[in-house]
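Trainee: Number 146 marks the last residue of the sequence shown (the working numbering); no jumps.
Glycine included, C-beta positions come from ideal geometry on N, C-alpha and C.
The structure presented is a predicted model; accordingly, all values stated were derived computationally and were not measured.
This structure is in structure tokens; I'll ask about it shortly.
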Amino acid sequence: MIKTNQYGGYTSYFDSNKMGNIINAVVYGMIFVFGLFIKYYKESEPEAVKRENAVRGKGNLLTLIAMITVGIAILSIRMSILGRMVEYFSIFLIIFLPNIISVIKKKSIRIVSIILTVVFFSFYNIIIFVYRPEWYQATPFYFFVN
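As structure tokens, then:
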């Protein structure tokens, strides 16, 4: 725990805006679990297994970064200032998700997963635009020395 008496100006970050951080942690967690499910799903065809292992070899770093993103997102539920750090790691989920979808062998399942991904994130952004328009405005920062 951080000594809050030394940095009293930052105590407002504890227990603030929990719902937004919970939603982000759930969304990032769903992406990570979907990726793990698809990545480690074994098909019986040897070609599919070879292709999966090739993607697994170059995707281990992305999987690790996705796991770190989910971990920090869960930690940001308690201290919202870590939510800023999550945004730096979450950009790798943009690379992680298409790499995982490309592993799906059946074209119909791949197309359905692409459509569901686009629809889900469209609704996610529309809800934020409608219900939280203030999130997209410039926010002044106040430091404890002021």
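1. Is it buried or exposed for V118, if we count other Cβ within 10 angstroms and need 16 for buried?
2. Note the first and the last residue of the continuous alpha helix (DSSP H) segment covering R78.
3. Locate the alpha helix (DSSP H) running through R110, then write down its first and last residues.
4. Got a sec? Which residues, its chain only, sit under 7 Å from I114 by beta carbon, not counting five neighbours each side?
5. Would you report the Cα separation of N24 and T63, rounded to the nearest angstrom?
6. Determine the DSSP secondary structure at I104, reduced to helix, strand or coil.
7. Pick from N125, A66, V130 and F37: whose alpha carbon is nearest that of S90?
Mentor: Quick look at the numbers:
1. The residue given as residue 118 occupies position 118 in the sequence shown. By the 10 Å Cβ count, V118 comes out exposed.
2. For this step, residue 78 is matched to residue 78 along the sequence shown. Neither: R78 is in no alpha helix (DSSP H) and is coded neither H nor E.
3. Taking the first residue of the sequence shown as 1, we reach residue 110 at position 110. Unbroken alpha helix (DSSP H) run through R110: K107 to Y131.
4. For this step, residue 114 is matched to residue 114 along the sequence shown. Cβ neighbours of I114 beyond the five flanking positions: I101.
5. As a position in the sequence shown, residue 24 is number 24, starting the count at 1. As a position in the sequence shown, residue 63 is number 63, starting the count at 1. Cα-Cα distance, rounded: 18 Å.
6. As a first step, residue 104 must be located in the sequence shown, where it is residue number 104. Reduced to three states, the DSSP call for I104 is coil.
7. Position 90 of the sequence shown holds residue 90. Nearest in C-alpha terms to S90, of all of N125, A66, V130 and F37, is A66.
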